[in-house]
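A.B. asks:
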Amino acid sequence: MNLTKQSKLLFKPPPLLLLRRLSAEPNPPPPPLHQSPQDSESSIMTQALDLLLQTPQNEWNASPQLKHLLFSSSPTPRLLIQITRRFPSSSEALTFFNYIRSNLVSEESIPSLSYAFQAVFELASREPDSPEKLFDLYKACKDQNVPLSINSATLLIRFFGKVNMVDQSLLVYNELDPNIRNTHIRNVLIDVLLRDGRVRDALIVLDEMLDRESNFPPNDLTGDIVFYPLMKKEHVRSGVSDEEIVALVSKFGEHGVFPNTLWLSHLIARFCRNRKCDQAWDILHELMKLGAALEAASCNALLTGLGKDGDFKRMNQLLVEMKENDIEPDVVTFGILINRLCKSYKVDEALEVFEKMSGGKDSDGVSVEPDAIIYNTLIDGFCKVGRQEEGLGLMERMRLQKGCAPNVVTYNCLIDGFCKSGNIERGQELFDQMKEEGIMPNVITLNTLVDGMCRHGRISSAVEFFREMKSKGLQGNAVTYSTLINAFCNVNNIQEAMKWFDDMCGAGCSVDAIVYYVLISGLCQAGRMNDASLVVSNLKEAGFCPDLVCYNVLISGFCKKNMLDKAYEVLKEMDDIGMKPDSVTYNTLISYLSKSGNFSAAGRVMKKMIKEGLVPNVVTYGAIIHAYCLNGLVDEAMKIFKDMSSASKVAPNTVIYNILIDSLCKNNQVELALSLMDDMKVKGVRPNTNTYNAMFKGLREKNMLEKAFKLMDKMIEHACHPDYISMEILTEWLSAVGQTEKLKKFVQGYAVSVAPA
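Here the numbering used here is used: the first residue of the sequence shown is 1045, the next is one more, and so on.
Printed below as a string of structure tokens:
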């Protein structure tokens, strides 16, 4: 479509009389006296457009009317850009630009040419193949020595950035006259570079702005452009260190540009999540020093991080500084502090904060109405430390505050507190009370009561309560069923645990890996290894993979049932999926093999354990020593004991000493057993009642009465209380030898032998 035809669609042709008049009169009449310059310019633009669209392009230079309209006086940039924008295509607009360029030769006309070319760029940006067309136009503009207007530069930089021609964006910027590289253009370029991931290039441009001598310093938009992407997750690995971000905040502040509350809060929260509260602290205090108008939200982000670190000293300091800097704390501020104090079991301090916020004692002029969340946090804190009655008092106080009535969370906290303390009846009373008040219990309420009953051995009551609630429409979830399954496994009622597992699957609850693990552990403890293997298969079919603890439980179960081949199959499966055995795995195998008398195989397993980089520990040596003793090889056990104390540097514990002392006494090596007790004292290992019982048995067999009296004195001295076994051994022995008075003294806690003078 040629220019003349296109014009019919875009513009209404002038009346025929006007055309005749324009062609006959070289000088059109002047505008009316009342016409403003803007109206005059608008009239000239309309007339010029009509002529341009009606006259063939090759005849423009021959039209005196056109020349008179456009060039009788120097055309303004606004006139030329408005005319150029109205051409149907960039190519036709470019023809018009060349026309006016050939007729404007003075240097004063250059700004007008820049604006006309700006319109050409605008048209080209909306046309097909615009990226290549725009770049060609840019080169043509440079070739004709027409400087870019600020808007042209902005358009080109932003457009090339959007079409992934960022190098061209940089080229346009670098070739600009330095005087027009203003803050706006730099902001556009920085935005383009950051969106393309070219963070270092963006920071180079930013450094020029942040220079104290810069003529084009950053503004608020610069801060938003720079920090917003740096706060996003995909930019965490952009190569900008946390220290650099802190420095940027400081440099922006020197120019009076301060972060908005949103991204400053995000920045502080990110530092705190990464355990860098010191940097977060520095940023906030630097901004305070620079006089930034900070809000509570940013301080709340830092308070949250400090609270997680348990840094109450700096939390209190920050609260003081908020007051000094006229930063009004809000309900979230106090909520954070109260929550952290409660989680650290400092409920009295939390209560003090609560009183201050609500305008009570030492309020410091602060009065913020506590909400239901804060009340519930404080009530839960009191319940966690066993002060349920005070929690109840807070609930009554909550009722008195307008718009802050107890809710289901309030009751759940109190019910949980009473259930954990064993007062199930009080928990059930609160359950009934909440229903009377029209507060519907939820699944957390149900789970709290079921868990409390199961923890205190009232599994039947838990089952009955669950069924009652189910009949009233309150369905359980995976937690409810898991609690019951775990409770039945703990009392070795695997049959009932399996039944509840089936019910859970039938109820449509998503069975997580933990439920499977609980069931597998219970079946292994009960020795039902075939059933345990079946549940493992179900776990895999459900898309889960057994973890290391689960595999260790299976290996232990198979070993207890003397199914070593199955244990090795589990080990092979672990190897196939790339899961390395840990010390528990190896110790289980070493213990089983040693007790079976297969010490060579146990030795091979220990060597493999060491090869895998796992150091044999006291459990490893204890298993081997116990096995040697069980097999009557006490001398071999003593060799292992000496090796662990010297070569391996593993310190023996009370269990190992007890195993050896008991075996030595049974093997009539009582003196050696007594020397081990002396060794315990040297190494700081405390004997227990089992240690003394083993020695009393050995001494009785040897009738070493004086040694027994000394041991009885040591028991009293170390406050090691005798049990029924101790009393059975000593009563029978001392009664037979007529030393009942000594026994009475021992029972009363007095020394039975008198030290020599």
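Don't be surprised by glycine CBs; every beta carbon is placed ideally from N, CA and C. Quantities reported herein were computed from a predicted structural model and do not represent experimental measurements.
1) Assign residue 1786 to one of two classes, buried (16 or more other C-beta atoms within 10 Å of its C-beta) or exposed (fewer than that).
2) If you run the structure through DSSP and keep just helix, strand and coil, what is residue 1053?
3) For the 8 Å Cβ check, are there 3 or more pairs between the region 1200-1209 and the region 1143-1155?
4) Am I right that residue 1338 and residue 1369 are in contact with their C-beta atoms under 8 Å? What's the rounded C-beta distance?
5) Take residue 1426 and list the residues in its own chain whose beta-carbon comes closer than 6 Å to its own, dropping the five residues that flank it on each side.
6) In whole angstroms, give me the CA-to-CA distance for residue 1781 and residue 1574.
7) According to DSSP, is residue 1099 part of a helix, a strand, or is it coil?
8) Looking only at its own chain, which residues have a Cβ that is under 7 Å from the Cβ of residue 1416, when we skip the five neighbours before and after it?
9) For residue 1661, tell me which candidate among 1440, 1166, 1236, 1689 has the shortest Cα-Cα distance.
10) By a C-beta neighbour count over all protein chains shown, 10 Å radius and 16 as the cutoff for buried, is residue 1057 buried or exposed?
11) Any Cβ of chain B within less than 8 Å of the Cβ of residue 1644?
12) Could you check which residue in 1097, 1665, 1653 has the C-alpha nearest to that of residue 1626?
13) So within the region 1290-1356, which uninterrupted alpha helix (DSSP H) runs reach at least 4 residues, ignoring any that extend past its ends?
14) Rounded to the nearest angstrom, what separates residue 1249 and residue 1211 at their Cα positions?
15) Which runs of the alpha helix (DSSP H), 4 residues or longer, sit entirely within the region 1087-1161?
16) Is residue 1792 helix, strand or coil when you go by DSSP?
17) Mapping the DSSP letters down to three states, classify residue 1640 as helix, strand or coil.
18) Have a look at 1199, 1147, 1188, 1150 and flag the residue whose alpha-carbon is nearest the alpha-carbon of residue 1841.
19) On a CA-only basis, which of 1476, 1515, 1285, 1257 is nearest residue 1320? Give me that one, please.
20) Please identify the residue among 1362, 1676, 1768 whose C-alpha is closest to the C-alpha of residue 1341.
21) Closest by CA to residue 1306, which one among 1091, 1272, 1533?
22) I believe residue 1101 touches residue 1139 by the beta-carbon criterion, under 8 Å. Please report the beta-carbon distance rounded to the nearest angstrom.
23) Assign residue 1788 to one of two classes, buried (16 or more other C-beta atoms within 10 Å of its C-beta) or exposed (fewer than that).
24) What separation, rounded to the nearest whole angstrom, lies between the Cα atoms of residue 1114 and residue 1265?
25) Find the nearest neighbour of residue 1412 within the set 1400, 1146, 1422, judged by alpha-carbon distance.
26) Do you know how far the Cα of residue 1656 is from the Cα of residue 1505?
27) Let's test the definition: count the other Cβ atoms within 10 Å of the Cβ of residue 1578 and tell me whether it reaches 16, buried, or not, exposed.
28) Within this structure, are the beta carbons of residue 1213 and residue 1192 separated by less than 8 Å?
29) If you compare alpha carbons, which of 1526, 1288, 1108, 1562 is closest to residue 1890?
30) DSSP state of residue 1231, grouped into three classes?
31) When the Cα atoms are used, what is the spatial distance from residue 1230 to residue 1261?
32) Report the rounded CA-to-CA distance for residue 1343 versus residue 1328, giving the unit in angstroms.
33) Residue 1208: buried (16+ other C-beta within 10 angstroms of its C-beta) or exposed?
34) Measure the C-alpha to C-alpha separation of residue 1299 and residue 1247 and round it to an integer number of angstroms.
35) With C-beta atoms as the reference, is residue 1220 less than 8 Å away from residue 1184?
36) In this structure, does DSSP put residue 1586 in helix, strand or coil?
C.D. replies: Taking the geometry as given:
1) buried
2) Confidence is the limiting factor: at residue 1053 the pLDDT is only 31, short of 50, which leaves the residue's position unreliable, though a coordinate-based value still follows. Helix, per DSSP.
3) no
4) Between residue 1369 and residue 1338 the Cβ distance is about 7 Å, and since that is below 8 Å, they are a contact.
5) 1391, 1434, 1435
6) 56 Å
7) coil
8) Cβ within range, chain order: 1448, 1451.
9) 1689
10) Residue placement at residue 1057 is flagged as unreliable, the pLDDT there being 35, under the threshold of 50; a coordinate-derived value is accordingly withheld.
11) No chain B is present in this structure, which holds just one protein chain.
12) 1653
13) 1305-1317, 1321-1334, 1340-1352
14) 14 Å
15) 1108-1115, 1121-1129, 1134-1147
16) helix
17) coil
18) Only positions 1045 to 1801 of the chain appear in the structure, and residue 1841 is not among them; the question remains open.
19) The shortest Cα separation from residue 1320 among 1476, 1515, 1285, 1257 belongs to 1285.
20) 1362
21) 1272
22) 6 Å
23) Using a 10 angstroms sphere on the CB of residue 1788, the tally of other CB atoms stays under 16, which defines it as exposed.
24) 40 Å
25) 1400
26) 49 Å
27) exposed
28) no
29) Past the boundaries of the shown model lies residue 1890; the chain is included only from 1045 to 1801, so the question cannot be answered.
30) helix
31) 10 Å
32) 8 Å
33) Residue 1208 sits exposed, since fewer than 16 C-beta atoms from the chains shown fall within 10 Å of its C-beta.
34) Rounded to the nearest whole angstrom, the C-alpha separation of residue 1299 and residue 1247 is 16 Å.
35) no
36) coil
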